[in-house]
Amino acid sequence: MPLVEATKTPQPTQTEPSATEALLPPEEPATNTPELPTATLEPSLTPASDALTIGGADAIAFIDGNEVWLMNLDGSDLHQLTSDGAEKTRLRWLPDGSAITYISGKCIWAIDYQNEQTDFLACFETAKSISEFSVSPDGARVAISLNQELFVVPFDRALLAQARFRSDLIAMSDCEVLAPLTTSTGSSVIVSQVQWSKDGTRLAINVKAPVNGIQSDLIRFTDISSCQYTDTLDEFPSRRLEIDDYEKYPYIQNFGYDGYYLFSLVSYTRNDGYGHLYFYNTDQHRSESMVDPIGGTCCYRDPQFSPDGRYVIFAYQLFDPAAVTQLFYAPYATLGTGANLKPIPLPEDFFADRKVKPQPALRPAPGQ
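Heads up: the sequence shown at position 105 corresponds to 85 in my numbering, and the numbers run straight through without jumps.
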């Protein structure tokens, strides 16, 4: 399938390294550099429309050079959606695929899928930070991490547009124990990321908590259906999932959730968040061993499940100073089997920054 050429706008100067990456060990070139696959994506499903549909998705949004990009699953129709140069994070499609949201500074923005116009959803000028904005699968509620406190409130765009302060989110809430989320003893819970279950009754949240005396990132799985304080259903890595060098670098920048039982995450190994790929089954409280599907080599980041939960998209970068970053979209059941996975075709050297955080987000295809 032919590539679609994309012209990139001038990119902003890269930001200073994060505090955590200063802790990383020095990088060493790999002694053996396996040849990277270059063939195009070969879908196993017949597309239902002109746009290729696989895994319940028909498009991919991602970030490069602080801008949002959009393309089809096969890499075609690649084009840039934003051009302001501002740092962006937490790409999230609305459940109906009508728009993609992202956080920039102290504001949440939405890009309409049809006309590609950008509009703001909310701004919290007095906040120190906003680290999450995730709408529930039924579109009724939204989880917002404001100053690392989690608020779950009705997804009312008119009210959100008027909200400016923490007190506004409290006033919007219809569940006191979720505005903000606290423990049964009233202690605050530090939350940086949220994923919803498909039925909207459970939340997977990235929390900060002590592990062996060290403040660490943990994925906490909890039931919110009763709007009451409930016990944690599961929590990992901790003792249930062994992650390479987690004791030394206990960071989880991003994680994926299929909406049912499976989770994906990576170790913190190099380039501010690339590492080995892991999966965890919360139904069986069982972890998979290290799963590095591209020739058994490191490194990966931003693994996310497809809308139907059967495919996984992730960024891959060989542990080598000259390596390029690629995006892969593959069936979950084939990962770790030695299958010859093929990257999504992109223009040569598209990702110029070795520390790029693509954060790919799959658009739910209509009618899926």
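No residue lacks a Cβ here, since even glycine has one placed at the ideal position from N, Cα and C.
(1) Considering only the beta carbon of each residue, do Tyr280 and Val246 sit closer than 8 Å?
(2) Within 10 Å of its beta-carbon, does Lys68 have 16 or more other beta-carbons around it, so buried, or fewer, so exposed?
(3) In the structure shown, what three-state DSSP assignment does Met270 receive?
(4) Is it true that the CB of Ala102 sits closer than 8 Å to the CB of Ala143?
(5) Measure the alpha-carbon distance for Gly180 versus Pro301 and round it to whole angstroms.
(6) If you scan the stretch 39 to 83 from start to end, which runs of the beta strand (DSSP E) of 3 or more residues do you find wholly inside it?
(7) Is Leu221 near Tyr260, with beta carbons less than 8 Å apart?
(8) Would Met51 and Ile43 qualify as a contact pair, given that the criterion is a beta-carbon distance under 8 Å?
(9) Please confirm whether Pro283 and Gln306 have their CB atoms less than 8 Å apart.
(10) I think Ile83 touches Trp73, with their Cβ atoms under 8 Å apart; what is that distance to the nearest whole Å?
(11) Going by the beta-carbon positions, is the gap between Val157 and Tyr209 smaller than 8 Å?
(12) With distances taken between CB atoms, is the gap from Phe104 to Leu126 smaller than 8 Å?
(13) Spatial neighbours of Glu268 within its chain, please: CB distance less than 6 Å, with the 5 preceding and 5 following residues excluded, ordered by chain position.
(14) Taking the alpha-carbon positions, what's the Gly424 to Asp92 distance?
(15) Could you check where the beta strand (DSSP E) with Asp92 kicks off and where it finishes?
(16) Looking at the unbroken alpha helix (DSSP H) that takes in Leu140, where does it start and where does it end?
(17) Assign Asp54 to one of two classes, buried (16 or more other C-beta atoms within 10 Å of its C-beta) or exposed (fewer than that).
(18) State the DSSP-derived secondary structure class of Thr305, mapped to helix, strand or coil.
(19) Quick check: the Cα distance between Asp197 and Ile223, rounded to an integer number of angstroms?
(20) Decide yes or no for the touch test of the stretch 308 to 328 against the stretch 283 to 297: beta carbon pairs closer than 8 Å, at least 3 of them.
(21) Which residue marks the beginning of the alpha helix (DSSP H) containing Arg200, and which one marks its end?
(22) With distances taken from CA atoms, which of Ala184, Leu139 and Gln264 is nearest Ser153?
(23) My understanding is that Arg343 touches Gly35, with C-beta atoms under 8 Å, so please give their C-beta distance in whole angstroms.
(24) Nearest by alpha-carbon distance to Arg200: which of Tyr241, Gly275 and Ile194 is it?
(25) From the DSSP secondary-structure annotation, give me the bridge partner or partners of Phe285.
(26) For Phe330, does the count of other Cβ atoms within 10 angstroms reach 16, so buried, or fall short, so exposed?
(27) Do Ala123 and Val48 have their CB atoms nearer than 8 Å?
(28) In this structure, how does DSSP classify Ile150 when only helix, strand and coil are distinguished?
According to the data block:
(1) yes
(2) buried
(3) coil
(4) yes
(5) 42 Å
(6) 47 to 51 and 69 to 73
(7) yes
(8) no
(9) no
(10) The pair is not a contact, with the Cβ atoms about 14 Å apart (cut-off 8 Å).
(11) yes
(12) yes
(13) Phe259
(14) Here the chain comprises residues numbered -19 to 348, so residue 424 is not present and cannot be evaluated.
(15) Cys87 to Asp92
(16) Arg137 to Gln142
(17) buried
(18) strand
(19) 12 Å
(20) yes
(21) It is not in any alpha helix (DSSP H) - Arg200 instead sits in the beta strand (DSSP E) that spans Ile194 to Asp203.
(22) Leu139
(23) The pair is not a contact, with the Cβ atoms about 11 Å apart (cut-off 8 Å).
(24) Tyr241
(25) Val292
(26) buried
(27) no
(28) helix
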